[in-house]
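In the working numbering, the protein residues as written are 8 to 307.
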Amino acid sequence: MGNGWAITKPAPQPPPSPPKPAPPPSPPTLRTPWRQVSWGNNASDLDYVKNYKPENEAVRHIRVLLHGPVGVGSTFINSVSTVIRRKVVIPALASSDNSEISFTEEFKTHTIQREGRGNIYPFVFNDVMGLEEGTGRGVHVKDIKLALEGHVEEGFKFNPVSPLTPSDHGYVSQPSPDDRVHVLVYLYSANAGDMRGGVLQKMREIREAASALGIPQIAVLTKIDQACGQVEKDLTNTFKSKYVKTKIEDFSRKVGIPLNCIFPVKNYHTETLLEDDVDTLILSVLRAIIDFGEDFANTL
């Protein structure tokens, strides 16, 4: 006999909904470039660079001071020289890419040989010891400030602990307009991690000093091919690359350089022959350097 109570079975539950498919990954490149470049059409820029001459007779050479973290200056100088001389050259000794210690110890002027023995182009590059995190490491900010005004003598050996003073050998007390820096260039690698706070602070301090002197400033993002696979496959993806764009915007925000004064480049480092697209990027930087430097030199 039953007790009169009916046993009710629970209603069956509907099967769980299948998980929504993940959205497709965002493509690494933009549909349209964020800066227009005439790829491979280098004749006009190359002719402009090769025939440039400073208008101010007191300035024989536009002096370009390169600075940034360790291991970025010499390779850029070599690439510029390669493009102008139309052959792969290595006039400036470069450290290995993974070096964390500055290879450059002396204040040295790098020139680019032109046709005819003893002739050089009227723009020169000064590479300095790299900026490093912390005090007592890398080039001293005070030495860069003195170099901007032309007070640092050729061959002066940098001391990270003790900057140059007016009483030291190597101090130029009365620099000429030709001794002064006419363009300050910040160099940093696209394949490097975020710059440390101490290095960024030194860069900002140098920028303030250059701005107070009226010296124009440009930044160059190097090694873009080593940092972005799309650029490595096709250099004409440079201004479509989201990675390159983000790197440039990040540097602009942290240091204060306007976006239109920041130029991405691929250095010559494994090539044995010239490549038109590599030249396009380097010539665009060099032309901007000359134009900015010429404008400042004419104020001296």
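Where is the CB? At the ideal position from N, CA and C, for every residue including glycine.
Quick check on DSSP: helix, strand or coil for residue i?
i: PHE132; result: strand
i: GLN120; result: strand
i: GLN20; result: coil
i: SER224; result: Just to set this straight, residue 224 is Gln in the shown sequence, not Ser. In this structure, GLN224 counts as strand in the three-state DSSP scheme.
i: PHE165; result: coil
i: ARG187; result: coil
i: ILE97; result: coil
i: ILE69; result: strand
i: ASN105; result: Note on ASN105: pLDDT 49, under 50, position unreliable in the model; no value is reported.
i: ILE264; result: coil
i: LEU153; result: helix
i: THR36; result: strand
i: LYS249; result: helix
Using 7 Å as the threshold, is the C-beta distance between residue i and residue j below it?
i: TYR275; j: THR142; result: no
i: LYS261; j: LEU207; result: yes
i: ASN244; j: GLN237; result: yes
i: SER259; j: LYS230; result: no
i: GLY145; j: PRO167; result: yes
i: PRO277; j: VAL95; result: First, the residue type needs correcting, since residue 277 is Thr and not Pro in the sequence shown. No; because the gap between Cβ atoms is not below 7 Å, this pair is not in contact.
i: ILE69; j: ASN85; result: no
i: PHE165; j: GLY177; result: no
i: LEU266; j: VAL79; result: no
Grab me the residues of residue i's own chain with a C-beta within less than 7 Å of its C-beta, minus the 5 sequence neighbours each way, in chain order.
i: ASN305; result: GLU62 and ASN63
i: ASN105; result: Bear in mind that a pLDDT of 49 at ASN105, under 50, signals an unreliable position, so the model cannot answer this.
i: GLY47; result: ASP283, ASP284 and THR287
i: VAL56; result: ILE91, LEU290, LEU293, ARG294 and ILE297
i: PHE205; result: Before going further, note that residue 205 is Gly rather than Phe in the sequence given. Result list for GLY205: GLU140 and GLY141, in chain order.
For residue i, which residues in the same chain have their Cβ closer than 6 Å to its Cβ, ignoring the five residues on either side in sequence?
i: PRO223; result: VAL190, PHE299 and PHE303
i: MET210; result: VAL262
i: THR118; result: ILE127 and VAL131
i: ILE108; result: Residue placement at ILE108 cannot be trusted, given a pLDDT of 49 that sits under 50; what the coordinates show is reported in the next sentence. For ILE108, where only same-chain residues beyond five positions count, there are no Cβ hits under 6 Å.
Report all residues from its chain with a CB closer than 8 Å to the CB of residue i; omit the five preceding and five following residues, and keep chain order.
i: ALA154; result: LEU72, PHE114, ASN133, VAL135 and VAL188
i: ALA295; result: ILE225, CYS268 and PHE270
i: TRP41; result: PHE246, LYS247 and LYS252
i: ARG67; result: PRO61, PRO129 and ASP185
i: GLU112; result: MET136, LYS164 and PHE165
i: ASN49; result: ASP283, ASP286, THR287 and LEU290
Assuming residue i and residue j form a contact by the criterion Cβ under 8 Å, report the distance between their Cβ atoms to the nearest whole angstrom.
i: VAL179; j: VAL159; result: 7 Å
i: LEU138; j: PRO76; result: 6 Å
i: LYS249; j: LEU37; result: 6 Å
i: ASP150; j: PRO173; result: Contact doesn't hold; Cβ gap of about 13 Å is too wide.
Which residues does DSSP list as the beta-bridge partners of residue i?
i: GLY204; result: GLY204 pairs with nothing; no bridge assigned.
i: PRO76; result: LEU138
i: GLU113; result: LYS164
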